[in-house]
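Q: Below: one structure in structure tokens.
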Ligand code: ME8
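In UniProt numbering, the protein residues as written are 1 to 500.
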């Protein structure tokens, strides 16, 4: 089984999870489920980023110990992911001992390779980004992300020789393996590199909330340097876990476009400096916007994903997020669009197909044994939609994959309307019509299973197929004609009651 390692950013614990974070998680979860279905040995890592000035300040303001603060906020993220049915393999917290071991090992490797040195530094710092900005990067003297004033900071720090990797990073971009995907996001990374790479300060003496540098304990590791290494910790770098090499060799970091610079410039350089290969790929998604502005706690426009799940159900939320926006592009969040997608695509289209087909089959079950022949529904049309949906899933284009499913269901519903099985009394004809429709439902369940984690199982159970097939390799079952006739078909309850 080929290894497939996918990670999300680890989230700062100074914020509660909002729908922007959930968007990343549902993408990662759906891609994990798809890859598992395609037979890969998937490892899905997420977690929380708990060190640094921003977290320490948040705890202090709340009059809490920083440890208690981190425990409480980290727990909120885990709770939200469980409500969204996100099933990761590992949740890393940067305050865990395994991470300290891993960061110190990594730092030592980079230091021993001569890419770390001590120097004085003064610059403009954004505490929200936990990053310095150069004069060229500032916008009217403000943080380009948060549009807020920057603080002037001066420290004697250890520096990482990022400037030594300019050429190697450009070579990595050109290595032709979609290392930054989608391609238009690579241009942003390229412009950082072409602008000239400055060495970065990677230690702090002004705070103690962090991992001490192994050769100079007066300094703690800068939070971004610490955080990025989580991707290695999570697969066993620190203690030399048995799957480390294989997972690292096929590693995919799903991130928002806000952190391109860290993942597509710093991180590959850090890996090279430590004597590791750079990651396989950064998958960059756009922002969820609210009336044109990035959804963020600091913007006061964060939508609570748990409330949304309680109102609309987990499937509606997952489906909307995966269907509405293409990976890489920004997209507005709106409840109207969510309701529209749900009513039209889930309730009217998929829900209707399942209920009309299973109703008739159950009614006539004693007399017919439907199996797919392809004489009613054109199997080449079906296979065309299925193959394109598979390719879109493989290319991280969930929205287009789900669009193919919708087209397939629409086509099938229109054939059923033509053939009107509810009026057919000839049992052979009825068996043929329903057999073909059941075959489409089977394929619909498989192709939506990364997103509709419950309903895809309900569809399979209703048509007499073991629903656990979606937890394993189903890559061999995406061809027309796999439906075994004679299974027990049950009248399905409405899958997606309409939202009014
Ligand atoms: O940056 N739309 O953590 P963070 C889409 N700790 N995605 C969004 C979003 C939005 N409006 N808002 C947030 C950090 N996100 C660091 C990461 S990784 C080694 C360290 C998602 O809590 C998106 O994935 O600020 C974005 O990249 C991430 O949350 C930032 O999370």
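A virtual CB, placed ideally from N, CA and C, is assigned to each residue, including glycine.
1. Can you determine whether any heavy atom of the ligand ME8 sits closer than 7 Å to the C-beta of residue 227, and answer yes or no?
2. Could you compute how far the alpha carbon of residue 232 sits from the alpha carbon of residue 201?
3. Is it right to say residue 444 is buried, meaning 16 or more other beta carbons lie within 10 angstroms of its own, or is it exposed?
4. Can you tell which of 259, 25, 217, 481 has its C-alpha closest to the C-alpha of residue 91?
5. Within its chain, find whatever has a CB closer than 6 Å to the CB of residue 401; leave out the 5 residues flanking it on each side and keep chain order.
6. Taking 8 Å as the limit between beta carbons, can you name the residues of its chain near residue 353, skipping five residues before and five after?
7. In its own chain, which residues sit with a C-beta less than 6 Å from the C-beta of residue 347, not counting the 5 before and 5 after it?
8. Going by the DSSP bridge assignment, what does residue 256 pair with across the sheet?
9. Using CA atoms only, rank isn't needed, just tell me which of 176, 126, 188, 117 is closest to residue 160.
10. Run through the DSSP bridge pairs and tell me what residue 92 is partnered with.
11. Check whether the region 269-282 and the region 70-79 touch, using three or more Cβ-Cβ pairs below 8 Å as the test.
12. Do you know how far the Cα of residue 430 is from the Cα of residue 27?
13. How big is the Cα-Cα spacing for residue 77 and residue 127?
14. Can you tell me the Cβ-Cβ gap for residue 503 and residue 45, rounded? I've got them flagged as a contact below 8 Å.
15. Using the C-alpha atoms, what's the distance from residue 449 back to residue 471?
16. Quick one: Cα of residue 264 to Cα of residue 66, how far?
17. So, for residue 419: in the same chain, excluding its five sequence neighbours on each side, which residues have a beta-carbon less than 7 Å away from its beta-carbon?
18. Could you say if the region 10-18 and the region 299-315 meet the contact criterion of at least three C-beta pairs nearer than 8 Å?
19. Which whole runs of the alpha helix (DSSP H) in the region 412-468 are 4 residues long or more, in chain order?
20. Can you confirm whether the region 149-163 touches the region 173-189 when touching is taken to mean that 3 or more C-beta pairs between the two stretches lie within less than 8 Å?
21. Residue 458: which of 475, 194, 490, 428 sits nearest, CA to CA?
22. I'd like the ranges of any alpha helix (DSSP H) spanning at least 4 consecutive residues and lying wholly in the region 152-220.
23. Quick check: does the Cβ of residue 117 come within less than 7 Å of any heavy atom belonging to the ligand ME8?
24. Please classify residue 149 as buried or exposed, where buried requires at least 16 neighbouring CB atoms within 10 angstroms.
25. Does the distance between the C-beta of residue 288 and the nearest non-hydrogen atom of the ligand ME8 fall short of 7 Å?
26. Measuring alpha carbon to alpha carbon, tell me which residue in 311, 403, 3 is nearest residue 349.
27. Could you check what DSSP says for residue 84 in three-state terms: helix, strand or coil?
28. Which same chain residues end up closer than 7 Å to residue 293 when comparing Cβ atoms and leaving out the 5 residues on each side of it in sequence?
29. Considering Cα atoms alone, identify which of 387, 397, 364, 383 is closest to residue 422.
30. Do residue 20 and the ligand ME8 come close, with the Cβ less than 7 Å from some heavy atom?
31. Who are the near neighbours of residue 207 in its chain, counting only those whose CB is closer than 8 Å to its CB and skipping five residues on each side?
32. In the DSSP assignment, find the alpha helix (DSSP H) that holds residue 32 and state where it starts and stops.
33. In whole angstroms, what separates the C-alpha of residue 427 from that of residue 406?
34. Over what stretch of residues does the alpha helix (DSSP H) that includes residue 120 continue unbroken?
35. What are the partner residues of residue 6, as DSSP defines its beta bridges?
36. Could you give the DSSP three-state label for residue 137: helix, strand or coil?
A: From the atom records:
1. Indexing the chain shown from 1 puts residue 227 at position 227. Checking the Cβ of residue 227 against the ligand ME8 gives yes.
2. Walking along the chain shown from the start, residue 232 turns up at place 232. Walking along the chain shown from the start, residue 201 turns up at place 201. One alpha carbon belongs to residue 232, the other to residue 201, and they sit about 21 Å apart.
3. On the chain shown, residue 444 is found 444 positions in, with the first residue counted as 1. That one is buried.
4. For the purposes of this step, residue 91 is taken as residue 91 along the chain shown, with counting starting at 1. Of all alpha-carbon atoms in 259, 25, 217, 481, the one lying nearest the alpha-carbon of residue 91 is that of 25.
5. Working through the chain shown from its first residue, we reach residue 401 at position 401. Once the five neighbours on either side are set aside, the close Cβ partners of residue 401 are 389, 392, 393.
6. For the purposes of this step, residue 353 is identified with residue 353 of the chain shown, where counting begins at 1. 409, 412, 413, 416, 437, 440, 441, 444, listed in sequence order.
7. Here residue 347 is taken as the residue at index 347 of the chain shown, counted from 1. Result list for residue 347: 496, 498, in chain order.
8. On the chain shown, residue 256 is found 256 positions in, with the first residue counted as 1. Residue 256 pairs with 285.
9. Within the chain shown, residue 160 is the residue found at index 160, counting from 1. Checking every option, the nearest Cα to that of residue 160 belongs to 117.
10. Here residue 92 refers to the residue found at position 92 when the chain shown is read from its first residue. In DSSP, residue 92 forms a bridge with 47.
11. Short answer: they don't touch.
12. For the purposes of this step, residue 27 is identified with residue 27 of the chain shown, where counting begins at 1. For the purposes of this step, residue 430 is identified with residue 430 of the chain shown, where counting begins at 1. A straight line joining the alpha-carbon of residue 27 with that of residue 430 spans about 40 Å.
13. Residue numbering aside, residue 77 sits at position 77 when the chain shown is read from its first letter. Residue numbering aside, residue 127 sits at position 127 when the chain shown is read from its first letter. For residue 77 and residue 127, the gap between their C-alpha atoms comes out near 22 Å.
14. A question about residue 503 goes unanswered here, because the residues of the chain that appear run from 1 up to 500.
15. Numbered from 1 along the chain shown, position 471 holds the residue referred to as residue 471. Numbered from 1 along the chain shown, position 449 holds the residue referred to as residue 449. Each residue's alpha carbon lies about 9 Å from the other.
16. Counting from 1 along the chain shown, the entry for residue 264 is found at position 264. Counting from 1 along the chain shown, the entry for residue 66 is found at position 66. About 30 Å.
17. By one-based count along the chain shown, residue 419 stands at place 419. Excluding positions up to five away in sequence, the list reads 376, 433.
18. Of all C-beta pairs linking the region 10-18 to the region 299-315, three or more are shorter than 8 Å, placing the two stretches in contact.
19. As summarised for the region 412-468, the continuous alpha helix (DSSP H) elements at least 4 residues long and confined to that stretch are 427-448, 455-462, given in chain order.
20. The answer is no - the region 149-163 does not touch the region 173-189, with fewer than three Cβ pairs under 8 Å.
21. Here residue 458 corresponds to residue number 458 of the chain shown, with the count starting at 1. When only C-alpha atoms are compared, the closest one is 490.
22. 166-173, 183-194, all fully within the region 152-220.
23. Against the chain shown, residue 117 aligns to sequence position 117. Residue 117 Cβ: outside cutoff for every heavy atom of the ligand ME8.
24. Along the chain shown, read from residue 1 onward, the residue named residue 149 stands at position 149. Around the beta carbon of residue 149, a 10 Å sphere encloses fewer than 16 other beta carbons of the protein chains shown; the residue is thus reported as exposed.
25. Numbered from 1 along the chain shown, position 288 holds the residue referred to as residue 288. Residue 288 has its Cβ nearer than 7 Å to a heavy atom of the ligand ME8.
26. By 1-based counting over the chain shown, the position of residue 349 is 349. Of the candidates 311, 403, 3, the one whose C-alpha sits nearest the C-alpha of residue 349 is 403.
27. Translated into positions along the chain shown, residue 84 becomes position 84. Secondary structure of residue 84 (DSSP, three-state): coil.
28. Counted from its first residue, the chain shown places residue 293 at position 293. Result list for residue 293: 299, 301, in chain order.
29. Numbered from 1 along the chain shown, position 422 holds the residue referred to as residue 422. When only C-alpha atoms are compared, the closest one is 364.
30. On the chain shown, residue 20 is found 20 positions in, with the first residue counted as 1. Residue 20: yes, Cβ under 7 Å from the ligand ME8.
31. Walking along the chain shown from the start, residue 207 turns up at place 207. Correct list, in chain order: 52, 53, 56, 220.
32. As a position in the chain shown, residue 32 is number 32, starting the count at 1. 19-37 is the span of the alpha helix (DSSP H), which, as asked, contains residue 32.
33. Taking the first residue of the chain shown as position 1, residue 427 is located at position 427. Taking the first residue of the chain shown as position 1, residue 406 is located at position 406. Roughly 29 Å separates the two Cα atoms.
34. If you number the chain shown from 1, residue 120 lands on position 120. Per DSSP, residue 120 belongs to no alpha helix (DSSP H); it is in the beta strand (DSSP E), 116-126.
35. Reading the chain shown from its first residue, position 6 is the one you call residue 6. DSSP lists 44, 252 as partners of residue 6.
36. Locating residue 137 in the chain shown gives position 137, counting from the first residue. Coil.
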